[in-house]
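Heads up: the sequence shown is residues -23 to -1, 1 to 375, going by mature numbering (1 follows the signal peptide of the UniProt record, and there is no 0).
By construction, the Cβ of each residue, glycine as well, lies at the ideal position given by its N, Cα and C atoms.
In this text the structure is predicted, and so the values were computed from the model without any measurement.
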Amino acid sequence: MAAVPATFGALLVVFLAAQSAVGYREDPEVHMDAIQLITSKGYPAERHFVTTSDGYILQMHRIPYSPKHAINISRGVFFLQHGVLGCSTNWLTNLVNESLAFILSDAGYDVWMGNVRGNTYSRNHTHLTVHDKAFWNFTFDQHALIDMPTMLTKVIDVTGQQRLFYVGHSQGTIMGFAGFTANQSLSSHIKVFFALAPVTTVQYIKGPITLLSPFTGILEYILDTLGAGEFLPNEEFVDILVDFYCSWDEKDADNCRDVLFLLCGFDPANINTTRIPVYLSHNPAGTSVKNVVHYNQEYLSGKFRKYDYGTAGNMEEYGTPSPPPYNVTQLTIPTAIFTGGNDWLADPKDVDNLIPKISHVMINHTYVASYEHLDFIWGLNAPELIYSVLMELARKYS
């Protein structure tokens, strides 16, 4: 999720004042893009572009097969969708035997990774630039209702596979719950929906984002008067942090770990601390201020619904005084959820609100009491606790 800009500003002052560059040995993966992260491990990689109906040019990354197999023995297609402020590299930045994209490839699957509008890899448009306020006029509504079906349709067209597995993490699950319930035709192409750290309502969310709630009116006023804008662009925050602060010194590693903790909650016992500079060089990958406002609206309302433009704006946009809800009870896809007891962003209480609504399609609930939000993509024991269950279900529903 996201923290208030003032928090990051204060952190940067501390970081730059307390930097310790002595002894720093930079990991080459800090400067690699998604394709390089894949090919540097000996895997084939492809870059695919698709244009949405409203002009955004989205970039996807593909590992078509594993070099560990003499021939392509594809058992099917997996589509992996990152969370808010994330990108496709979320599935690639652990070691090969710990990263879901490589694990699935080695198991014989054709692996695709999406990137939503506005992140590091999807910053192009047919007639707008990132310097145009109109470029940033989006929330997870557009991710779910436009970006996701556009990307999945492209995957189906390229592979010829009419049905695939969908894995979402955090906002990637929001896209699934919202997009699949709103688009039953798209749902027919999904074998199983794997929801890692599932999010619909965020009423019980913890962490810095809750500090935004008193300023919701101000943020909405800024949006109304100045237009939308970018929130936490990667190059303006994390590159500074990595270049000037992170090192192999244990003290500095602890502080870098605290940054992620401030964002999402963190379990230092379940992460490879030597990978932290790599994580931070790829994340946050950017989103819109309007998207952050949307999350804060969800926090204040306790509801899972479209962006709230106010009574007059809602009447103009939706024809109703209140924003329409996303009715997850209409989900028709076999769904497996994976949740954590210490997750700040997919709080167990919010998950408890979700489960009765999807019980008719839920085929699995894996709960790890110690897990926090990022453990599902970077946890050292995720292959044993999460991915092994996911792959067993994939074999069952192939």
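Excluding five sequence positions before and after T309, the CB atoms of its chain that fall closer than 6 Å to its own CB belong to S164, given in chain order. Within its own chain, the residues whose Cβ lies closer than 7 Å to the Cβ of T297, once the five positions on either side in sequence are excluded, are N291, listed in chain order. With contacts defined as CB atoms closer than 7 Å, G145 and Q58 qualify as a contacting pair. The shortest CA-to-CA distance from W68 to any of L77, L62, K110, T250 is the one to L77. Distance from the CA atom of Y276 to the CA atom of G19, rounded to whole angstroms, is 43 Å. Taking all protein chains in view, the Cβ of G91 is crowded by 16 or more other Cβ atoms within 10 Å, so the residue is classified as buried.
The closest CA to that of G356, considering only N74, V135, D83, is found on N74. Residue range 33 to 40 is occupied by the beta strand (DSSP E) that includes I40. Taking a contact to require three or more Cβ pairs closer than 8 Å, the segment 300 to 318 and the segment 341 to 348 qualify as touching. Remark: C-beta atoms of P261 and L62 approach each other more closely than 7 Å.
Contact between the segment 109 to 125 and the segment 323 to 331 is absent: fewer than three C-beta pairs spanning the two stretches fall below 8 Å. Distance from the CA of R24 to the CA of E294, rounded to the nearest whole angstrom, comes to 35 Å. The alpha-carbon separation between H259 and K45 amounts to approximately 27 Å. A distance of 7 Å or more separates the beta carbons of F55 and V132. R140 and R2 have their C-alpha atoms roughly 44 Å apart. Here I15 is near I40, since their CB atoms are less than 7 Å apart.
Uninterrupted alpha helix (DSSP H) stretches at least 4 residues long and entirely within the segment 304 to 347 occur at 325 to 335, given in chain order.
Per DSSP, W89 is one residue of the beta strand (DSSP E) stretching across 87 to 90.
CA-CA distance, Q36 to A313, rounds to 27 Å. When rounded, the separation of the alpha-carbon atoms in T103 and G32 is 5 Å. For the pair L362 and D352, the Cα-to-Cα distance works out to about 10 Å.
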